[in-house]
Amino acid sequence: MRKFFKIATSFFILFVIFSCTECKSEKIKGTIYIDSSNGHELEEGCSGFNVRIADKVWSYKHPDFRAAVHGLKPGWLRYFSGTMGDAFNSATGLYDKDYIWMFDHQKMYSKGYAFTEVKGPHRIIDLYELLGEVGGKLVVTINGFSESPQVAGELARFCKNNNIKVEVWQFCNEPYFYLPSRDRYWWNDGYDYAAKMKPYADSIQAVFPDANLALNCSWDGVKGFMKEIYRYQQENGAYWNVFSKHSYAPHVGGRESFQKAYKRANSKLIEVTSSEAMSEIEDYTWKGVPLLITEFGVWNSPLNGIFSAIYNAEYTLRQLAHSNAYYIGSHEISNKYKPAKNYDQVILDAYNSGKSIDTDLLLTGIVKDDEGKALEIVHEATNNSSYTYATHVDGGTLVDGLENKKVNGVYARAFKGFSGYDYLIVTNRSDKYHQFKVNFGDQQLKGKVERTYMYSDVPQKKNIEVQKDVVKLDPLEVPPFSVVMVKWESNQQYVPIAPRIYTSKVTSKGIELKWWKRDSVDGYEVAYGMDPQNLSQTVCIKGAENNQVLLTDVEPGKQYYFGVSARNKQGVSELSELVTLSNQKPDQVAIFKIVRRDSSITVMWKSVPNALGYKLKVKGNDFSKEYDANNVFGYRINGLKYDVPYQIVVIAYNGLGEGQASKEETVICKEHLPIPPRNISARETVNNQVYLEWVNQDTINPDVQYRLYRGTKLHEFTVLAEGIVENHFLDQSVQDYFYTVKSYNADGECNFHPNIATVIKRDQLMNIDIAEVRKMDDHYLVSVRFSNIKRKKNVHYGIAFSDISYLNEEEKIIEATQIEGNEFRVAIPFDLLKQGREYAIRGFVSIDEKYIYSLPPHHLLKME
């Protein structure tokens, strides 16, 4: 049998080699048309990445992470990103235990806590300076799950005081997974999410009135959550001005064959980037809404390798084909260029033993993933271009898609560069070799071009080599399963694009500035002065690589404005956006929050202008110590003693010295401070009361009780009741309130409240409840009871069910076929369910297309 297997394998290999040889001899001929008079402007640095390094050895200062960023040259990066950002404290750059306790999936956040405790904080200032080195921009995702609008506002203030430019402020990472269908009550629906993010928007706009703001509306497609956001927009107007979503179109939440995944990806890639998809988004926002994607990817493991590399490249190109494309980001940079060596256990051992190590000395090396290689190719074009041309492929091979359909397998997009080159990128998802003529307007492009490409004859292959050569463009050779980028010297010479100042510091000798380097320039001019309308002083700097200056002729105590322009033979760029500093010591700091937990104290303060960093001075009994927090607006002090009063002040400093100390605060660590509750919900009862329930998770500390809060405005609460020892309460009020809850005992009250509960309203006339779910031979039979609903033509009955085992947000609807009296029944065929998965089911009645659902908690069904 083994001998037969070896013979069969040999024949298969010969067949593949023969087939590939045949492919090479049969080259498909076609034409790529670049429309020289049709296209649109691009945002500089339009394609970038999400970042997830909190639970890796890397930090923003780790030399291998810095090398990865310099290699991939992202146009932008996101802070603080992904699901790992949901329990992250933006003030300290660390994880907070009280934040972690707000969630039901605490394990990964606990790992993040341990890692950042050993590595040190992930500071936004460090990421911004790293981005400045590669000319990259910054997108910030506000942690609206566990942080308050006050902290969001202080993060904005910190950015303003440090001259940090944020392109977009996005509210929450994937909020649509924190709904009652998953037994989570951060928001009841998209409308409630939009309402609850308004105070965060207000706090940011109080600092940056013209800030770009984005609600995170959806995965692919317009679903219920996004439609509910749109209802808020219709009723209240949109306080946001950018649309954002995530996209994992080939994801199925499980494993499937390569061939099925291949067909799915071919169809879904085109579907979710199509003009129809954009029109649907605009139908539920507005025409021309800027498109921000902070995560996209394949997330279907059989496709990993060359195919996922092609998918990531082509997805970026297809989204940039939309004139309202803003910033498009893949998930995520440290999975594109990965640490080659794993130091997880070293870090965990250091945390568990309390040992201090410098993790930046744990050199990992870098493994380049195929997706990263493809995106590095793409970024050379997208992030060095100001314009993209409408581009059409004639003669590209069709490939297999879903439902036995054939779809386009070749895509191309051309770009007008601003650094002396123009670009064309072609992706090929087929197994065919192609030869393309390239027409620019009515002229055929000829001559030699620089080509960078990766390809494979086999779509499942991994670890693909990136190749470079110089080839003739007549014709352009495009191999199978490939990403091909060609560039050629532009016929036009351009005035440089303005740089951006990314570092501005008050030193002992003057003011230090650094700015983005620009290619194809001869040098820079720094303009500065005390009047932003009249920058009367200038310094000329020769050389494109010389991108920093120390200005020593600034007067003490005076506020200055600074801008930089770049120049070449064609002219001088526009002046960069101005930054401002005063040549003086920083102002006095004000502490706004102190958090006690175990033997640590976390202090948060309002940042001040001109600061280079902050120090904390702590005294207690025979204890006195100074901590350098560096440039953050929060700091955690560990290793203190219980029941000892500590006096704490915070002092800002820069190169000229220290400012005045903050008002002194006294703090006492308590051993038995209670663990907070989580996941409070509020449901209206049939008696027009409000039933409140939460999770009591403190099984350690003595005599824990609960204090219930309510208010008519978000984040403005008064005490409703206290001394509660159970996990529920009945409020007999009939007003519209928001609710939250805290734990307390003799050692004090917990630091933060969990989510804020909005009352889930009950229709007092109409009632819908799932009565029974019964397993039959080939389906589940769901029985739903209802009352006070008149039977007429425009009434529909049914159930909605969603897979909550994985991060799927799709909800499927099945209408009822059996309706008798005040009950209807719906069959869910087994073939709509997947083994081992859990589903949330709710009944509905639709009247004039308005849906009334059964109330949570929803019925949960596990497919055995």
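Each residue of the sequence shown is one higher than the last, beginning at 157 in my numbering. Quick reminder that beta carbons are idealized off the backbone N, C-alpha and C, glycines included.
- With a cut-off of 8 Å on Cβ pairs, the stretch 219 to 229 is not in contact with the stretch 306 to 324, counting fewer than three such pairs.
- The continuous stretches of alpha helix (DSSP H) do not include A808, which lies in the beta strand (DSSP E) extending over residues P801 to N810.
- For S486, the enclosing beta strand (DSSP E) stretches over residues A481 to S486.
- D358 carries a helical assignment under DSSP once its states are collapsed to helix, strand and coil.
- Residue environment for F980: buried (at least 16 other C-beta atoms within 10 angstroms of its C-beta).
- In this structure the stretch 681 to 694 does not lie against the stretch 763 to 772, because fewer than three pairs of beta carbons, one per stretch, are closer than 8 Å.
- When Cβ pairs closer than 8 Å are counted between the two stretches, the stretch 282 to 300 is seen not to touch the stretch 863 to 874, the count staying below three.
- Between the stretch 723 to 735 and the stretch 796 to 808, the count of Cβ pairs shorter than 8 Å is below three; the stretches do not touch.
- Your pair I924 and V1001 checks out as a contact, with CB atoms roughly 6 Å apart and the cut at 8 Å.
- With respect to the C-alpha of I793, the residue from G813, V823 and A817 having the closest C-alpha is V823.
- The C-beta of Q649 has fewer than 16 other C-beta atoms within 10 Å across all chains shown, which makes the residue exposed.
- A residue is called buried once 16 or more other Cβ atoms fall within 10 Å of its Cβ, and I757 is buried on that count.
- Exclusion of the five residues before and after E323 leaves K293 and V295 as the residues of its chain whose Cβ lies within less than 6 Å of its Cβ.
- Classified as buried, T429 has 16 or more neighbouring CB atoms from the shown chains inside 10 Å of its CB.
- Beyond the five residues adjoining it in sequence on each side, Q262 comes within less than 7 Å, by CB distance, of I256 in the same chain, given in chain order.
- The closest CA to that of S423, considering only S457, N564 and V534, is found on N564.
- Here P305 is buried, its C-beta having at least 16 other C-beta atoms within 10 Å.
- For Q715, the enclosing beta strand (DSSP E) starts and ends at Q715 to N724.
- Burial is judged here by how many other beta carbons sit within 10 angstroms of a residue's own beta carbon; A350 has at least 16 and is buried.
- In this structure, Y995 is the residue among E1005, Y995 and N194 with its C-alpha nearest to the C-alpha of S337.
- Leaving aside the five residues that flank V951 on each side, the residues in its chain whose CB is nearer than 6 Å to its CB run, in chain order, I1003.
- A distance below 8 Å between beta-carbons, with the five flanking residues on each side excluded, links Y589 to the following residues of its chain, in chain order: C179, K180, E182, K183, I184, E633, V634, P635 and P636.
- Proximity to Y716 across N739, A570 and K698 peaks at N739, based on C-alpha coordinates.
- DSSP assignment within the stretch 640 to 692 yields the following whole beta strand (DSSP E) runs of 3 residues or more, N-terminal first: 657 to 662, 667 to 671 and 679 to 685.
- The stretch 465 to 482 makes contact with the stretch 577 to 585: 3 or more CB pairs, one atom from each, lie closer than 8 Å.
- A straight line joining the alpha-carbon of M434 with that of G227 spans about 32 Å.
- The three-state reading of DSSP puts D345 in coil, since its state is none of H, G, I, E or B.
- For F779, the enclosing beta strand (DSSP E) stretches over residues F779 to N786.
- By the Cβ rule, the stretch 548 to 561 does not count as touching the stretch 519 to 534, because fewer than three pairs are nearer than 8 Å.
- Your pair N844 and Q920 checks out as a contact, with CB atoms roughly 7 Å apart and the cut at 8 Å.
- Note that the stretch 456 to 466 touches the stretch 409 to 427; at least 3 beta-carbon pairs, one per stretch, sit closer than 8 Å.
- Nearest neighbour of Y332 by Cα position, chosen from S302, A394 and K401, turns out to be K401.
- The residue among S575, I653 and Y493 with its C-alpha nearest the C-alpha of P230 is Y493.
- Contact annotation: D191 and Y545 have beta-carbon atoms nearer than 8 Å.
- Annotation: the stretch 545 to 625 contains the following complete segments of the beta strand (DSSP E) (minimum length 3 residues), in chain order: 554 to 556, 562 to 564, 566 to 573, 577 to 584, 589 to 596 and 604 to 611.
- Taking the CA atoms as reference points, F205 sits about 25 Å from F381.
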